[in-house]
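Taken in order, the sequence shown gives residues -20 to -1, 1 to 541; the numbers are from mature numbering (1 follows the signal peptide of the UniProt record, and there is no 0).
First up is the structure itself, then whatever we jot down about it.
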Amino acid sequence: MKNISFVFILLLYLIFPSESSVFIIDENGRSLSDIIGPLNEGSRLSLLCETNGGVPSVLTWWKDSFLLDDSFDTMPRGNLRNELILAYLDRRDLMSTLTCQAAVPNSTEPSEKSISLDLNLKPLNVHITSLQRPLSADRRTTLKCQSSGSRPPAVLTWWIGSRQLLNATVATYDSTTISKLTLVPTSDDHGRVLSCRATNPVMNGHILEDHRVLNIHHIPALSVTVGTPNVFILEGDVVYFDCNIIANPPATEVGWRFNNEPVYTNINAGIKIQNRSLLLHKITRKYAGNYSCVAANSEGEGFSESVAIDVHFVPFCASNQQASYGVPLRESVSIECKVEANPPNVAFRWYLNNTYRQIPLKGFSVNGTVSTLHFTPKRENDYGHIMCVAENSAGFQTEACCFRVSPASVPRAVEDCIVVNETTSSAIISCVPGYDGGLRQQFHIELYSSLGLIESAVENEFPVFEIDYLPSGTSFIAVVFATNDLGRSNAVAFSVNTKAELKPEKDRLKLPISPVLGALIAIVGALVSIAVIIILCSKHWSSTLEIPETPTAWEPGHQYI
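Below, the structure is given as structure tokens:
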């Protein structure tokens, strides 16, 4: 048997896997490398890692040196896929490295791909760092707010309620932002909320806020209200005022003013101040005017606007009216009656009160609060007292204005003349007027020396005369009389002497005067004065008409001007 030999040829094929390529892509299929982002803190991140080529058996995700995910899928062509989902990125993920690694068991060097995460970070905090203290209204102050932890640095904004405040400056230091607000608060800001808000400029929807309730100190803000049951304030009413105060801190002093003058409690005058109220009992027309209140606290004094009070009152006679009229029989005279009244819309009535009866009069006109009666006495019984009575919406005049109408005459002589303030060159002469005869009178003075008339003057109101530029050390005779349309009064004469000027002793002329010579000089001077007086009295003499004395009130309740 022949030996059979077999030759076996064994072919050994050694297959060396080629290196696998690793890719990282995002949800949109974009390939990622190096640094990705910036991504927002709190966002979700989905990454897909795939291999291409080679025969890796393991595909894993790592964060730095920590295994994140070792689950993967094998694709139809032998490629591997591992999807990594990070549900919430936080600030610890900033610049962290994510690595996808493809490895063959017992292989020395795996294939891998790494990326780093860049993040936008929310602000960690925000604080108003200024001291919590009251602020003064209308005074400038600076407030400070600080925030840290934001990437990029936070944007700080200031708000009062929904109103943004723009007058602020900002500085940044690394991840810290500081804002300084210049604020001039008003009293209206008291109790409002001041807030500082921190936001990341590239991240929407996340706001950190610190706030404070503003405590604004301000001077008292005041207003006055008037409480009275009547539409119109009448004399005799009770009127009260309330001072409404808004103050922080509370007002410690409250006062009242009338026409800018302080008002104090005066029970006798019907004025009472209690707490924040002013009470006026039985108000009179003198209390008409402007009322205001004043209050003070640590910030200063506050003043209210003035409230005007108009007090209505019945008419009454105005002062400084002509009280008597002299009228010749069957001649006319205009008698003017003036009243004060509020409201000034008045109606007048006129009456003649003579010896026999009271007679209503017509023939008068009205101009505001003045009525003029045109009166003509036609017989003796028409002389007497004429009364004027006015009425307005507040009521009737309680005391009539009375005027005396009498037959006209020349005036009576002046009385009680005196010489005052005699100097070396002047003198003042004052007399008391006599009855004017029912007509307007004037007063005259004439001054005589031994040479005759040297000075004259006329006064329309009162018999008071000032005579100047007289020689010193001289005696004069003064003559004073009154005149009206019917003539002149009797004259009143008296002496006036100016003082002598004092001269130095050496300039005086020393002449001895014997007693006899002195007596002769005195006698001659007296005779000259007597002669001048006799001449003047003869020159100015006129008949005197007796005028009855001013009558008493014709009946109670009537007022004489």
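Glycine residues also receive a C-beta, built at the ideal position from the N, C-alpha and C atoms.
Owing to the predicted nature of the structure, the values given are computational and were not obtained by experimental measurement.
Item	Value
Leaving out five residues on either side along the sequence, give the residues of the same chain with a beta carbon under 7 Å from the beta carbon of Asn372.	Val294, Pro295, Ala321, Pro323, Asn325, Val326
Straight-line CA distance for Asn195 to Asp49?	57 Å
If you run the structure through DSSP and keep just helix, strand and coil, what is Ser23?	coil
Would you please state the rounded distance, in angstroms, between the beta carbons of Ala275 and Leu202? I believe it to be under 8 Å.	6 Å
For Leu66, which residues does DSSP report across the bridge?	Leu25
Closer than 7 Å by C-beta to Thr349: which residues in its own chain qualify, once you throw out the five before and the five after it? Chain order, please.	Lys318, Val319, Glu320, Ala321, Pro324, Val326
Three or more C-beta pairs under 8 Å: does that hold for the stretch 416 to 431 against the stretch 360 to 380?	no
I'd like to know whether the C-beta atoms of Ala407 and Ile447 end up nearer to each other than 8 Å.	yes
Would you tell me roughly how many angstroms separate the C-alpha atoms of Ile541 and Gln422, rounded to the nearest one?	At Ile541, the pLDDT of 35 sits below 50, so the modelled position is not reliable; the number obtained from the coordinates is stated separately. Each residue's alpha carbon lies about 20 Å from the other.
Arg119 to Ser272, Cα distance in whole Å?	26 Å
I need the boundaries of the beta strand (DSSP E) containing Asn464, first residue and last residue.	455 to 464
Rounded to a whole number of angstroms, what is the C-alpha to C-alpha distance between Asn270 and Ser389?	50 Å
Roughly how many angstroms lie between the CA atoms of Leu12 and Ile4, to the nearest whole one?	6 Å
Have a look at Asp222 and Phe238 and give me their C-alpha separation to the nearest angstrom.	14 Å
Under three-state DSSP, which class holds Ala288?	strand
Going by DSSP in three states, Asn147 sits in which element: helix, strand or coil?	coil
If you reduce the DSSP assignment to three classes, tell me which class Ala502 lands in.	With a pLDDT of only 45 at Ala502, under the threshold of 50, the placement of this residue in the model should not be trusted; the figure read from the coordinates follows. Residue state, collapsed to three classes: helix.
Enumerate in chain order the residues of its own chain whose CB-to-CB distance from Val346 is below 6 Å, with the five nearest sequence positions on each side excluded.	Phe328
I need the straight-line Cα distance from Ala533 to Val204, nearest angstrom please.	Per-residue confidence for Ala533 stands at a pLDDT of 29, beneath the threshold of 50, marking its modelled position as unreliable; the derived number appears in the next sentence. Spanning the two alpha carbons is a distance of roughly 46 Å.
Ordered along the chain, which non-local residues of its own chain (more than five positions away) have a Cβ less than 6 Å from that of Leu63?	It should be noted that the sequence gives Glu, not Leu, for residue 63. Excluding residues within five positions, the ones whose Cβ falls inside 6 Å are Leu28.
What residue range is occupied by the uninterrupted beta strand (DSSP E) comprising Lys318?	313 to 322
Given a threshold of 16 other Cβ atoms within 10 Å of its Cβ, counted over all protein chains shown, does Glu311 qualify as buried or as exposed?	exposed
DSSP on Asn100, reduced to helix/strand/coil?	strand
Between the Cα of Ala134 and the Cα atoms of Ser452, Val472, Ala151, which residue gives the shortest distance?	Ala151
Do the stretch 78 to 85 and the stretch 159 to 177 meet, that is, are 3 or more Cβ pairs less than 8 Å apart?	no
On the DSSP letters alone, give me the boundaries of the beta strand (DSSP E) that Ser189 sits inside.	Here residue 189 is Glu; the residue named in the question, Ser, does not match the sequence. Where Glu189 is concerned, the enclosing beta strand (DSSP E) stretches over 187 to 193.
Any idea which residues DSSP pairs Glu233 with across the strands?	Ala276
Note down the Cα distance separating Phe46 from Tyr68, rounded to an integer number of angstroms.	18 Å
Hey, is the stretch 336 to 345 in contact with the stretch 370 to 386, meaning 3+ C-beta pairs nearer than 8 Å?	no
Count the other CB atoms, across all protein chains shown, that sit within 10 Å of the CB of Val106; report buried if there are 16 or more and exposed otherwise.	buried
Whole angstroms are fine: how far does the CA of Glu481 sit from the CA of Tyr449?	14 Å
Taking the alpha carbon of Tyr220 as the reference point, which residue from Leu39, Thr352, Lys252 has its own alpha carbon closest?	Lys252
Given a threshold of 16 other Cβ atoms within 10 Å of its Cβ, counted over all protein chains shown, does His520 qualify as buried or as exposed?	Low confidence applies here, because His520 scores a pLDDT of 41, under 50, leaving its location unreliable and the question unanswered by this model.
Rounding to the nearest angstrom, what Cα-Cα distance links Val472 and Val307 in this structure?	26 Å
What are the residues that DSSP puts in a beta bridge with Phe293?	Asn322
Confirm, please, whether the CB-CB distance from Pro391 to Gly417 is below 8 Å.	yes
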